[in-house]
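S.K.:
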Amino acid sequence: MTIELAHIIILLGTGVGVGFASGLLGLGGGFIMTPVQYMLFTNMA
């Protein structure tokens with residue numbers, strides 16, 4: 020299992036988006052990051 024550059028960019032982008040949403044709206048990080056990571060890592064396997 021190798022991580023490609025596209026996966027790193029997706030994770031960084033969602034991290035920035037989650038940080039922005041949690042700062043602006045007060046949403047928890049797990050609300051957004053958990054589904055994104057689940058979809059990303061199931062596609063990698």
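Read left to right, the sequence shown gives residues 20 to 64 (the working numbering).
C-beta: ideal position from N, C-alpha, C; glycine also.
Because the structure is a prediction, the values reported are computed rather than measured.
Report yes if the C-beta distance between L119 and A40 is below 7 Å; otherwise report no.
M.R.: Look at the range of the chain in this structure, 20 to 64, and you will see that residue 119 is not part of it.
S.K.: Quick check on I22: does DSSP put it in helix, strand or coil?
M.R.: Residue state, collapsed to three classes: coil.
S.K.: Please state if the CB of I51 and the CB of V37 are separated by a distance shorter than 7 Å.
M.R.: Against a cut-off of 7 Å, the Cβ pair of I51 and V37 comes out as a contact.
S.K.: Would you tell me roughly how many angstroms separate the C-alpha atoms of L43 and G49, rounded to the nearest one?
M.R.: Taking the straight line from one Cα to the other gives about 15 Å.
S.K.: Hey, could you find the ends of the alpha helix (DSSP H) L59 is sitting in?
M.R.: 48 to 63 is the span of the alpha helix (DSSP H), which, as asked, contains L59.
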